[in-house]
Every structure is written in C-alpha cells, then in structure tokens.
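Undergrad: Following our numbering, the numbering of the sequence shown begins with 17 at its first residue and continues without gaps.
Just so it is clear, CB atoms sit at the ideal spot from N, CA and C, and this is done for glycine as well.
Have a look at this one before I ask anything.
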Amino acid sequence: MQARSALFDLYGDYLRTRGSRAPVAALVRLLAPLDIAAPAVRTAVSRMVRQGWLHPLRMASGAGYLLTPKAARRLDEASARVYRTGRGGWDGRFDLILIRDQPLTRRDAERLTFLGYATLGDQVWVAPRASDEVETVLQEAQAGYERFSAAHTAGSAGAAAIVGKAWDLDRIGRSYREFEEELRPVVKAVTARSSDEEAYAARFRLVHAWRSFLFHDPQLPTALLPPGWPGIRAAAFFDKHATRLRPAADRYVERCLHPGR
Numbered sequence: 017m018q019a020r021s022a023l024f025d026l027y028g029d030y031l032r033t034r035g036s037r038a039p040v041a042a043l044v045r046l047l048a049p050l051d052i053a054a055p056a057v058r059t060a061v062s063r064m065v066r067q068g069w070l071h072p073l074r075m076a077s078g079a080g081y082l083l084t085p086k087a088a089r090r091l092d093e094a095s096a097r098v099y100r101t102g103r104g105g106w107d108g109r110f111d112l113i114l115i116r117d118q119p120l121t122r123r124d125a126e127r128l129t130f131l132g133y134a135t136l137g138d139q140v141w142v143a144p145r146a147s148d149e150v151e152t153v154l155q156e157a158q159a160g161y162e163r164f165s166a167a168h169t170a171g172s173a174g175a176a177a178i179v180g181k182a183w184d185l186d187r188i189g190r191s192y193r194e195f196e197e198e199l200r201p202v203v204k205a206v207t208a209r210s211s212d213e214e215a216y217a218a219r220f221r222l223v224h225a226w227r228s229f230l231f232h233d234p235q236l237p238t239a240l241l242p243p244g245w246p247g248i249r250a251a252a253f254f255d256k257h258a259t260r261l262r263p264a265a266d267r268y269v270e271r272c273l274h275p276g277r
C-alpha cells in the first residue's frame, strides 16, 4: 500500500467527517498499523500539497493538513461510489464523449477511467452515468470534445453489447472473486477479542482493496450485467465487514487524533 493512496483513503473514509483535517503526527500514527513509515507519510503529504489536494495549516496540536475543495469533491464522489449511495435506477442512456483532436494522454485517460468511463475507440468514451467532474477533467486536459446523451436503438440488448466492447466483464468478475478470497482471511481474523487497532487495520485494507474497483468497474446497471454477477456477492461481503469493523476502527481513529483524552 502506497502512502499517498493510503492518505486518500484515510481522509475519505475517516477524516472527511471529522473536519477534513488532522495534525501530521496523527497521520503518522494512523498509517503506522499499515506498515507505512513516518518518512513515507511526510513525503506523500508534501506531494499532495504540491498537487493541490491538501493545504497546510496550524492546529492546536501542531502542523496539520486540510483537504482542499478539489480533494473534498473528489473524495465525496468516490465515497458515494464505494458505499453505493445516491445511485438510482438507470434511465437507459449513456454519457458519450467524442474527443475531436488527439487522443487523451495516459494520465488524462486514467482520470476518465476513474470517473467510470471506458473507450469504444481512441477518441470515443462512454459511461453508464454522467459524472459531474468529467468536463473539468477534459478542460484541464485542453481537449476539444463533443458530449452526447445517447440511448441504443436496439434497447437493452444493444446496450449490453456496447458494454461488452467497452469493459472486460470477465476480468472485472475475476477481480471481484479474488477480492473476496484475499480479504476474507483478513477480516475473519478480527474477532471480539481483537484490539481496536487490529480492527482498524483490517478494515482499512478492506476499504482500500474495494476502492480499487473505482478504477475498473463503473458500477453498471443490473440490466447490463451477466447473470450471477460476482460483484453483487462481493458488495454484500464488503458491506457486512465494513459495517462490523467500523465501531472499533472509529475508536482507534479518535485515540490517534486525540491521544491525550
């Protein structure tokens, strides 16, 4: 687990609801159970400041860091996808983007992928739902583009065929099965006799692994998924253990943020 990625998870899953800020000493304490050393934390924090994700500030307990508005928006959108909140039914329409000029750079393409888009060609991108952030990404990429809301004339069958071209569902399905296989022993090892720190570390690894699907799975509507989709079972597994481990994890976070209490 990389320090920068872990910091995004930490802010998004625990600190966003606690003022979106923390002293650097607490950040070091909170990533220590994940075997991330203090120098790596400080290096990652400095990098995130340069990239506009964190803003330094003085806190009563010393130097600290606050999420920037850009970071807060990104983490809120990611959290809604991780916990699948605010997602209604599908209206049968895709968000379609046609890049007019050169294909996107790898970095900009990865940003679109994170938002749930996939390619139908070098210059055609599609998503089952429009992202509020996509136009910002395209403008920052200085890409000329046209954007459409489109429904397939062949209905669900045609839409499913488009999905099969844009996303490798077999690979995504295998990833969901592997997620369960790898994380089951991690979360099952935490029992009523385990410490809050052990529960926190296990839950952190669970959420970190689950969040990686934001880069691969756009959370397609059920109507476009094959029967017996492994993502449904994996989501139930994630929800069960993320909820079970949350109280102990929250207690550990509070102790790290307020060690004198």
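(1) Quick one, which of Leu82, Leu128, His168 has its alpha-carbon nearest Gln155's?
(2) Buried or exposed for Phe231, going by 16 or more other Cβ atoms inside 10 Å?
(3) For the beta strand (DSSP E) holding Pro110, just list the boundary residues, first then last.
(4) In the DSSP assignment, find the unbroken beta strand (DSSP E) run with Ala166 in it and report its ends.
(5) Identify the residues that DSSP records as bridge partners of Tyr81: which are they?
(6) Considering Cα atoms alone, identify which of Gly247, Arg116, Gln118 is closest to Gln235.
(7) Could you check the C-alpha separation between Ser191 and Arg45 for me, to the nearest Å?
(8) Between which two residues does the alpha helix (DSSP H) harbouring Trp226 extend?
(9) Does any residue of chain B bring its CB to less than 8 Å from the CB of Ile248?
(10) Check each candidate in Met75, Val140, Asp212, Ala143 and name the one with the smallest Cα separation from Ala38.
(11) Do Val57 and Leu70 have their C-beta atoms closer together than 8 Å?
(12) Looking only at its chain, what residues have a beta carbon closer than 6 Å to the beta carbon of Ala264, apart from the 5 residues adjacent to it on each side?
(13) As a quick exercise: from Ser172, Thr135, Pro144, Val179, pick the residue whose alpha carbon is nearest that of Ser165.
(14) Between the beta-carbon of Val40 and the beta-carbon of Ala96, is there less than 8 Å?
(15) Whole angstroms is fine: what's the gap from Arg100's alpha carbon to Leu73's?
(16) Given a cut-off of 8 Å on the beta-carbon distance, is the pair Phe253 and Glu196 in contact?
(17) Can you look up Ala134 in the DSSP assignment and give me helix, strand or coil?
(18) Taking the DSSP output, what are the residues bridged to Trp141?
(19) Residue range of the alpha helix (DSSP H) that Arg32 falls in?
(20) Which residues in the same chain as Arg31 place their Cβ atom closer than 6 Å to its Cβ, once the five residues preceding and following it in sequence are excluded?
(21) From the DSSP output, in three-state form, read off Arg200 for me.
(22) Residues in the same chain with beta-carbon distance under 8 Å from Ala88, minus the five sequence neighbours each way, listed in chain order, please.
(23) Could you tell me the alpha carbon to alpha carbon distance between Arg85 and Pro201, rounded to whole angstroms?
TA: Reading it off the structure:
(1) Leu128
(2) exposed
(3) Per the sequence shown, residue 110 should be read as Phe rather than Pro. Note, Phe110: beta strand (DSSP E), 110-115.
(4) 161-166
(5) Ala38, Pro72
(6) Gly247
(7) 31 Å
(8) 212-227
(9) Here there is only one protein chain, and chain B is not present.
(10) Met75
(11) no
(12) Asp212, Ala215
(13) Pro144
(14) no
(15) 32 Å
(16) yes
(17) strand
(18) Ile113, Thr135
(19) Careful: Arg32 lies outside any alpha helix (DSSP H) and carries neither H nor E.
(20) Per the sequence presented here, residue 31 reads as Leu, with Arg not at that position. Counting only Cβ-Cβ distances below 6 Å, and skipping sequence neighbours, we find Ala38.
(21) helix
(22) Arg32, Ser36
(23) As written in the sequence, residue 85 is Pro, which differs from the Arg given in the question. So the two alpha carbons sit approximately 37 Å from each other.
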